[in-house]
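Engineer: Residues 130 to 221 (the working numbering) are what the sequence shown spells out, left to right.
All residues carry an ideal CB built from backbone N, CA and C; glycine is no exception.
So that we are looking at the same thing, I have put the structure below in structure tokens.
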Amino acid sequence: MVNPKTRQPLSPRKIVNVSGKIHYNESNQAWNTIKLKSEFLNEFHQLKEKRSKFSYEMIFGRTEEEMIETMKKVVKDKTLMPVLMFLYKDKS
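This is the structure in structure tokens:
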């Protein structure tokens, strides 16, 4: 998971609940752009630092049990606050 020597986790001050879209990037020919809403950026003001570098880690479990075990491990480690992200296929 997180290596405290190379990464410092960001934590919100309050619950942030936002919805957004995933966009297709024509130049890369890939679905690789997730735009963060202003509510998210306002809560994590560090993300506005243009000279800073940020990374992320996504974990998609194959089963409920895998995700529950992963969440238990994260809570036990007390090193970061996970973000729940749900993916949907929207109707055209």
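Is LEU139 closer than 8 Å to PHE173 when the C-beta atoms are compared?
Structural biologist: As a first step, residue 173 must be located in the sequence shown, where it is residue number 44. As a first step, residue 139 must be located in the sequence shown, where it is residue number 10. Taking 8 Å as the Cβ cut-off, PHE173 and LEU139 qualify as a contacting pair.
Engineer: So, helix, strand or coil for ASN154, using DSSP?
Structural biologist: One-based indexing of the sequence shown puts residue 154 at position 25. DSSP places ASN154 in strand when its eight states are reduced to three.
Engineer: Have a look at SER167, LEU216, SER181, LEU170 and flag the residue whose alpha-carbon is nearest the alpha-carbon of ILE188.
Structural biologist: Here residue 188 corresponds to residue number 59 of the sequence shown, with the count starting at 1. Nearest to ILE188 by C-alpha distance, out of SER167, LEU216, SER181, LEU170, is LEU216.
Engineer: When you compare each of PHE169, ASN161, SER221 to SER148 by their alpha carbons, which one comes out closest?
Structural biologist: For the purposes of this step, residue 148 is taken as the residue at position 19 of the sequence shown. Among PHE169, ASN161, SER221, the Cα nearest to that of SER148 belongs to PHE169.
Engineer: Can you find the residues in the same chain that come closer than 6 Å, C-beta to C-beta, to PRO141, ignoring five residues on each side of it along the sequence?
Structural biologist: Here the question's residue 141 lines up with position 12 in the sequence shown. Only GLU172 meet the Cβ criterion.
Engineer: For ILE163, which beta-bridge partners are listed by DSSP?
Structural biologist: Locating residue 163 in the sequence shown gives position 34, counting from the first residue. Its beta-bridge partners are ILE151.
Engineer: Helix or strand or just coil, what does DSSP make of GLN137?
Structural biologist: Position 8 of the sequence shown holds residue 137. Correct three-state label for GLN137: coil.
Engineer: So for ASN146, helix, strand or coil by DSSP?
Structural biologist: Residue 146 sits at position 17 when you count from the first residue of the sequence shown. The answer is coil: DSSP assigns ASN146 none of H, G, I, E or B.
Engineer: Look at the alpha carbon of ASN154 and the alpha carbon of LYS201, and state the distance between them as a whole number of angstroms.
Structural biologist: On the sequence shown, position 25 is the one that residue 154 refers to. On the sequence shown, position 72 is the one that residue 201 refers to. For ASN154 and LYS201, the distance between alpha carbons rounds to 35 Å.
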